[in-house]
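Novice: Here it is, the structure in full.
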Amino acid sequence: MSLTSFTESAQDLRDELVALRRSLHATPEIGLTLPRTQEKVLEALDGLPLEISTGTALSSVTAVLRGGGRPAGGDAPVVLLRGDMDGLPVAERNDLPYRSEIDGRMHACGHDLHTAMLAGAARLLSGRREELAGDVVFMFQPGEEGFEGAKVMIDEGVLEAAGTRPVAAYGLHVISSMLPPGLFTSRPGPMMAAADVFQVRVKGRGGHGSSPHRALDPVQAGCAMVTELQTMVTRTFDVFDPVVVTVGQFHGGTADNVIPDEAYFEATLRTFSRDARALAKRRLVEVVEGVAAAHGLGVETSFGMGYPVTVNDADEAGFAERTAGDLFGPGRFLVTPQPVMGSEDFSYVLERVPGAFLFLGACPADRDPATAPYNHSPEALFDDAVVPDGAALLATLARDRLTAAAALDA
Ligand SMILES: [Zn+2]
Ligand SMILES: [Zn+2]
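In structure tokens, the structure reads:
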């Protein structure tokens with residue numbers, strides 16, 4: 003079967019996808035509960051030949067499209083496409099006809115475009131269902147911005163929505179600066195950092211500042227911990243697998259001549275490999291416990307919720323690169339040399355399913371990508387002219403990856 007490109011049919015959907023994106027932009031919702039957003043997605047999918055289910059602990063939408071070219075009997079391959087849907091607690095400062103109508107909330111990370119692109123991919127693939135050698139799961143996800151929405155959807159079964167686990171998963175993220183509009187980027191291996199919060203309470207025994215030998219000084223021991231953590235990083239990790247530990251807050255004491263009972267500090271931990279993250283989390287605890295023991299006092303440690311490293315499978319990143327190049331020309335795809343310091347909860351999917359996460363430049367043509375406000379800024383602007391191409395790429399990745407998987411099985 004010779005397959006035609008999705009780019010033209012995506013442009014035919016342009017007006018309705020842009021209208022959906024702008025409607026979502028005007029009414030951003032935050033966190034795991036996005037009822038209005040969910041309603042708009044269900045409306046956009048209405049009438050398509052999809053098996054649709056919604057979340058329990060969150061207002062997710064999972065849609066399954068059964069391919070017309072599935073092998074008779076037996077399991078068909080499955081590909082998962084993901085779009086996140088939540089906004090941010092940011093007060094929009096853009097003057098747009100479709101600017102946020104809700105005070106203090108904004109689609110400042112472009113997830114409104116992601117939702118429209120994924121709805122577009124569902125439309126495109128539904129229209130060419132007979133070309134699909136397997137099934138597609140569309141994962142419309144709330145709560146990316148710090149709420150672990152992807153993990154909640156995994157717990158609720160999104161990876162088994164079609165019956166068998168996907169052979170591949172893809173996600174796209176728009177960026178309002180740095181990249182020229184329409185440029186896709188990705189890379190094999192680590193794509194985005196893991197970000198963890200390390201919390202330390204140093205438990206000493208207070209006393210008079212003149213007589214430290216009668217007390218157990220948590221400030222002194224805490225300061226030793228802070229410096230030892232830096233030494234640990236340089237003596238434990240390969241510099242080519244970067245690890246950053248920064249103690250960003252330190253609190254203790256009330257007066258110059260009083261030794262307090264306790265001191266408290268927090269550090270951010272950034273890592274780019276699963277191994278480095280696991281080792282760093284262990285070593286951070288060992289170092290502060292070791293220093294505490296050396297000083298004869300106690301310590302309590304904990305980690306705040308943090309997203310894992312977003313790791314692209316090398317084959318899937320290569321497949322995405324070839325697919326984007328075939329679809330739009332090689333000049334539209336760049337293999338980015340370095341991972342990005344931000345973090346993403348699509349990482350939870352990529353821990354379980356090989357796949358790739360891509361960026362798509364969406365800086366408006368009248369702004370300079372070098373200076374345009376970045377994602378999360380109250381002035382971030384995303385040009386929705388990229389939405390049809392994003393939808394076309396997602397649809398093509400799903401269709402062609404299913405074809406490749408079915409060919410391998412045959
Ligand atoms: Zn964001
Ligand atoms: Zn985002």
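Reading the sequence shown from the start, the letters are residues 3 to 412 in the numbering used here.
Every residue, glycine too, gets a C-beta built ideally from N, C-alpha and C.
Output the boundary residues of the beta strand (DSSP E) element that contains I156.
Specialist: For this step, residue 156 is matched to residue 154 along the sequence shown. From DSSP, I156 is part of no beta strand (DSSP E) but of the alpha helix (DSSP H) over 151-157.
Novice: Grab me the residues of L396's own chain with a C-beta within less than 7 Å of its C-beta, minus the 5 sequence neighbours each way, in chain order.
Specialist: The residue given as residue 396 occupies position 394 in the sequence shown. Once the five neighbours on either side are set aside, the close Cβ partners of L396 are L83, M119, L120, A123, Y172, L174.
Novice: Could you give the first and the last residue of the continuous beta strand (DSSP E) run that contains Q251?
Specialist: Here residue 251 corresponds to residue number 249 of the sequence shown, with the count starting at 1. That run of the beta strand (DSSP E) goes 245-254.
Novice: Along the chain, which unbroken stretches of the alpha helix (DSSP H) at least 4 residues long are found entirely within the stretch 260-340?
Specialist: 276-297, 316-330
Novice: Please state whether DSSP places L22 in a helix, a strand or coil.
Specialist: Along the sequence shown, one-based indexing puts residue 22 at 20. DSSP, read as helix, strand or coil, puts L22 in helix.
Novice: Please list, following the chain, all residues that have a C-beta closer than 6 Å to any non-hydrogen atom of ligand 2.
Specialist: C111, H113, E146, H175
Novice: Going by DSSP, what residue range makes up the alpha helix (DSSP H) through P371?
Specialist: In the sequence shown, the residue the question calls residue 371 occupies position 369. Taken as a continuous stretch (DSSP letters only), P371 belongs to no alpha helix (DSSP H), as it is neither H nor E.
Novice: What number of angstroms, rounded off, separates the C-alpha of L410 from the C-alpha of E146?
Specialist: The count along the sequence shown starts at 1 and reaches residue 410 at position 408. The count along the sequence shown starts at 1 and reaches residue 146 at position 144. Approximately 34 Å between the Cα atoms of the pair.
Novice: Using only alpha-carbon positions, find the residue among R285, V301, S345, T405 that is nearest to E264.
Specialist: By one-based count along the sequence shown, residue 264 stands at place 262. Looking at the Cα atoms, V301 is the closest of the given residues.
Novice: Helix, strand or coil, according to DSSP, for E53 in the structure here?
Specialist: Your numbering for residue 53 matches position 51 in the sequence shown. Three-state result, E53: strand.
Novice: Going by DSSP in three states, L404 sits in which element: helix, strand or coil?
Specialist: As a first step, residue 404 must be located in the sequence shown, where it is residue number 402. Correct three-state label for L404: helix.
Novice: Could you name the residues of the same chain whose beta carbon sits closer than 7 Å to that of V20, not counting the 5 residues immediately before and after it, in chain order?
Specialist: Mapped onto the sequence shown, residue 20 falls at position 18. Only D386, V389 meet the Cβ criterion.
Novice: If you draw a straight line from the C-alpha of H116 to the C-alpha of R72, how long is it?
Specialist: In the sequence shown, counting from the first residue as 1, residue 116 sits at position 114. In the sequence shown, counting from the first residue as 1, residue 72 sits at position 70. Their backbone Cα atoms lie some 28 Å apart in a straight line.
Novice: With hydrogens ignored, establish whether the beta-carbon of N377 is closer than 8 Å to any heavy atom of ligand 1.
Specialist: Locating residue 377 in the sequence shown gives position 375, counting from the first residue. Answer for N377: yes, Cβ within range of ligand 1.
Novice: Between A28 and S102, which are expected to be in contact by the criterion C-beta below 8 Å, what is the C-beta distance as a whole number of angstroms?
Specialist: Stepping through the sequence shown from its first residue, residue 28 is reached at position 26. Stepping through the sequence shown from its first residue, residue 102 is reached at position 100. Yes, A28 and S102 are in contact; Cβ-Cβ is about 6 Å, under 8 Å.
Novice: Judging by CA-CA distance, which residue of P192, N314, F305 is the nearest neighbour of P341?
Specialist: Locating residue 341 in the sequence shown gives position 339, where the first residue counts as 1. If we check each option's Cα against that of P341, P192 comes out closest.
Novice: Return the bridge partner residues of K205 from the DSSP annotation.
Specialist: The residue given as residue 205 occupies position 203 in the sequence shown. K205 pairs with E264, G300.
Novice: Roughly how many angstroms lie between the CA atoms of G89 and I104, to the nearest whole one?
Specialist: As a first step, residue 89 must be located in the sequence shown, where it is residue number 87. As a first step, residue 104 must be located in the sequence shown, where it is residue number 102. Answer to the nearest angstrom: the Cα atoms are 11 Å apart.
Novice: Please state whether the Cβ-Cβ distance between S345 and A135 is less than 9 Å.
Specialist: Residue mapping note: residue 345 aligns to position 343 of the sequence shown, counting from 1. Residue mapping note: residue 135 aligns to position 133 of the sequence shown, counting from 1. Result no, Cβ atoms of S345 and A135 do not sit closer than 9 Å.
Novice: Quick check on the burial criterion: 16 or more other C-beta atoms within 10 angstroms. Buried or exposed for L98?
Specialist: As a position in the sequence shown, residue 98 is number 96, starting the count at 1. Exposed, since its Cβ has fewer than 16 Cβ neighbours within 10 Å.
Novice: Which residue comes first and which comes last in the beta strand (DSSP E) that contains Y100?
Specialist: The count along the sequence shown starts at 1 and reaches residue 100 at position 98. Neither: Y100 is in no beta strand (DSSP E) and is coded neither H nor E.
Novice: Going by DSSP in three states, S188 sits in which element: helix, strand or coil?
Specialist: As a first step, residue 188 must be located in the sequence shown, where it is residue number 186. If DSSP states are grouped into helix, strand and coil, S188 belongs with the strands.
Novice: Name the one or two DSSP bridge partners that Y376 has.
Specialist: One-based indexing of the sequence shown puts residue 376 at position 374. Beta-bridge annotation (DSSP): Y376 is not paired with any residue.
Novice: Could you have a look at A28 and say whether DSSP puts it in helix, strand or coil?
Specialist: Locating residue 28 in the sequence shown gives position 26, counting from the first residue. Three-state DSSP puts A28 in a helix.
Novice: Going by the DSSP bridge assignment, what does R84 pair with across the sheet?
Specialist: Position 82 of the sequence shown holds residue 84. Paired residues: M141, G173.
Novice: Would you list the one or two residues that DSSP bridges to V389?
Specialist: Reading the sequence shown from its first residue, position 387 is the one you call residue 389. Looking at the DSSP assignment, V389 forms no beta bridge with any residue, so it has no partner.
Novice: Would you identify the three-state DSSP class for V355, choosing helix, strand or coil?
Specialist: Here the question's residue 355 lines up with position 353 in the sequence shown. Note: V355 maps to coil in three-state DSSP.
Novice: For Q40, count neighbouring C-beta atoms within 10 Å of its own C-beta (all shown protein chains included) and say buried if the count is 16 or more, exposed if not.
Specialist: For the purposes of this step, residue 40 is taken as the residue at position 38 of the sequence shown. Result: buried.
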